[in-house]
Each structure stands twice: as C-alpha cells, then as structure tokens.
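Take the sequence shown: its position 2, counting from 1, is numbered 11 in the numbering used here, and each next residue is one higher.
Even for Gly, the Cβ is constructed at its ideal location relative to N, Cα and C.
Just so we're clear, the structure is a prediction, and the values are computed from it rather than from any experiment.
Read the structure below first, then the notes.
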Amino acid sequence: MDEPELETLDPVARLRGFIHDGGYASGGKLPPERHLSDELGLSRATLRKALDALERDGVIWRHVGKGTFVTDGSPPKGTTSAMVELGRQLTPFRMMRARLAIEPAIAREAAVNASGETLRKMQRAIERAKAATTWNEYELQDDLFHRSVAEASDNLLLLTLFEQLNEVRRAVAWGSVTRETARPSPDHSSFLEHDAIAAAIAGRDPHAAYEAMRKHLGSVAKRLFGEV
10 MDEPELETLD
20 PVARLRGFIH
30 DGGYASGGKL
40 PPERHLSDEL
50 GLSRATLRKA
60 LDALERDGVI
70 WRHVGKGTFV
80 TDGSPPKGTT
90 SAMVELGRQL
100 TPFRMMRARL
110 AIEPAIAREA
120 AVNASGETLR
130 KMQRAIERAK
140 AATTWNEYEL
150 QDDLFHRSVA
160 EASDNLLLLT
170 LFEQLNEVRR
180 AVAWGSVTRE
190 TARPSPDHSS
200 FLEHDAIAAA
210 IAGRDPHAAY
220 EAMRKHLGSV
230 AKRLFGEV
C-alpha cells in the first residue's frame, strides 16, 4: 500500500494503536516525530494533527525540549528535575503567588499575538472542561487551556517558562487537593473565568486579558488554599 492510501486511514486511530501495541505505559516517551512519521507512513503535517488530537484528549503530554510522553495526568516519568525538586520545597501559597506574577503577563502577550489556531485550542479545552465527567478529565483540559494561552503568546521563551512553572505546579499540587464531588459542578467558577480570559485574548485586549487571568488565579488560590 503506498503512502497516499495509508493517509486515507484514520491517523489518530493509527497513532493510538502504535502507542498501545508498542507497550508505551504512562510516562513512556514516544519516538521523535521523524521516526513516527516513517513508522506510521504519515506525512509530518498529518502526524502533528494526530498528536494534537491525542494531546487534547489527554493521552499524551508534549514538553518543549524534552519530547512527547504518554500520560495519565501526572508528570511524565523522568521529569524529577530540578524544577520538580523545587516544587517539593514550595507551599501551595508560594506556588500560586508565582503563577500570579507570571501567567497574567503571558495572557497579556497572548492578546497581542494569538493565532486563529491557538484561539481554537483554547475554545476546545474550555468546551471539553465543561463536559468533563471527572476531576481528572477537567484538570487535563484546564492544563491544556493554560498551555494554549502560553502558546498564543507566540514566544518560545514564555512557553518554556510556562512549562517549567507548570512542572513545579504539578509537584506542589499533586495529591494535595481533596475534592468533595466526583466532577466539577455546572456553575464551577473557573468555567466563566476561562471564558473571560479567552474572550479578552480573542478581542485583542491585553489589559483585559491580564486582569482576567489575574482574577482567575486569585479565585483558584482562594478556593483551593484559602489564600489569595
């Protein structure tokens, strides 16, 4: 079968099959894109769309400079780096103060530089978060939403900084939050807050984007940790 015929098959299903058949467990690192492209008989563009789809579904986690990992929502295996070690030494309060100092500024840059694709990523994450039936599903989409904001800044340094910050956040918050319900309620405050952030970025309003992200993170801090 030649490559054009292979391309007519569902690339997402083929990539899922590759992960399953290859025995890639949670935390396992996938081969580089060039290898995957050759192995699956997919063009790089088609492969990247399949990777995007699996990332939206929470099947994989992509880390700038480190690679693509299979995930269950916990940090990828092998990421017990200096950043994670730092996270283990921080209180949740200090973690949120760091996020409040950095993420609103990233949202402000996103309002200036966001592409149509990153805006669509934000909206997909928002919709999937609202449809989540478990907290794990919600948290995966929440993570993707905040990452899409960082991507929208169109600044590799800011995206890398966000991912390092996120690595620390995972080490701080993992297992430390007790949920009283099985899933977010329909009136979960983050839903409207995410909507406001996305609207400000789509509206190319840097000040509103900064303030919407600052308000959101302050709300999260107060709800989870009793601190702002």
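Can you name, in chain order, every residue of its own chain whose Cβ lies under 8 Å from the Cβ of residue i, other than the five neighbours on each side?
| i | result |
| --- | --- |
| residue 232 | 198 |
| residue 64 | 70, 71 and 153 |
| residue 225 | 199, 202, 203, 205 and 206 |
| residue 41 | 76 |
Kindly indicate the opening and closing residues of the beta strand (DSSP E) around residue i.
| i | result |
| --- | --- |
| residue 76 | 76-79 |
| residue 72 | 69-72 |
Among the options, which has the Cα closest to the Cα of residue i?
| i | options | result |
| --- | --- | --- |
| residue 201 | 138, 166, 169 and 212 | 138 |
| residue 34 | 224, 70, 196 and 214 | 70 |
| residue 111 | 143, 124 and 223 | 223 |
| residue 165 | 122, 49 and 146 | 122 |
| residue 97 | 214, 176 and 79 | 176 |
| residue 46 | 61, 56 and 105 | 56 |
| residue 193 | 151, 66, 169 and 132 | 151 |
| residue 99 | 214, 189, 179 and 168 | 179 |
| residue 195 | 59, 51, 125 and 142 | 142 |
| residue 107 | 214, 173 and 148 | 173 |
| residue 130 | 80, 40, 39 and 66 | 66 |
| residue 75 | 169, 51, 188 and 58 | 169 |
| residue 102 | 181, 50 and 58 | 181 |
| residue 22 | 40, 41, 38 and 60 | 60 |
| residue 126 | 48, 58, 214 and 32 | 58 |
Give every residue of the same chain whose Cβ lies closer than 7 Å to the Cβ of residue i, excluding the five residues on either side of it in the sequence, and list them in chain order.
| i | result |
| --- | --- |
| residue 119 | 158, 161, 162, 210 and 218 |
| residue 184 | Summary for residue 184: the model assigns pLDDT 48, below 50, so the residue's position carries little reliability; its value from the coordinates is reported in the next sentence. Excluding residues within five positions, none has a Cβ falling inside 7 Å. |
Between residue i and residue j, how many whole angstroms is the CB-CB distance? I'm expecting something under 8 Å.
| i | j | result |
| --- | --- | --- |
| residue 205 | residue 221 | 4 Å |
| residue 109 | residue 227 | 7 Å |
| residue 203 | residue 115 | In fact, because the Cβ distance is near 15 Å, the residues do not count as touching under 8 Å. |
| residue 171 | residue 156 | 7 Å |
Is it right to say residue i is buried, meaning 16 or more other beta carbons lie within 10 angstroms of its own, or is it exposed?
| i | result |
| --- | --- |
| residue 29 | exposed |
| residue 113 | buried |
| residue 26 | exposed |
| residue 207 | buried |
| residue 44 | exposed |
| residue 53 | exposed |
| residue 20 | buried |
| residue 216 | exposed |
| residue 190 | exposed |
| residue 24 | buried |
| residue 87 | Because residue 87 sits at a pLDDT of 47, beneath the cut-off of 50, its placement in the model cannot be relied upon, and the following sentence gives the value as read from the coordinates. Exposed, because fewer than 16 other Cβ atoms sit within 10 Å of the Cβ of residue 87. |
Could you give the first and the last residue of the continuous alpha helix (DSSP H) run that contains residue i?
| i | result |
| --- | --- |
| residue 240 | Outside the displayed span of the chain (10 to 237) sits residue 240, for which this structure offers no information. |
| residue 152 | 144-161 |
| residue 30 | 20-30 |
| residue 212 | Per DSSP, residue 212 belongs to no alpha helix (DSSP H) and is neither H nor E. |
| residue 197 | Where residue 197 is concerned, there is no enclosing alpha helix (DSSP H), given that its DSSP letter is neither H nor E. |
| residue 38 | From DSSP, residue 38 is part of no alpha helix (DSSP H); its letter is neither H nor E. |
| residue 136 | 125-140 |
| residue 55 | 53-65 |
| residue 42 | 42-49 |
Which same chain residues, not among the five before or five after residue i, have their C-beta less than 6 Å away from its C-beta?
| i | result |
| --- | --- |
| residue 85 | For residue 85, the predicted model reports a pLDDT of 49, less than 50, meaning its position is unreliable; a value from the coordinates is still stated below. Contacts found: 36, 70 and 78. |
| residue 147 | 138, 141 and 193 |
| residue 51 | 20 |
| residue 95 | 177 |
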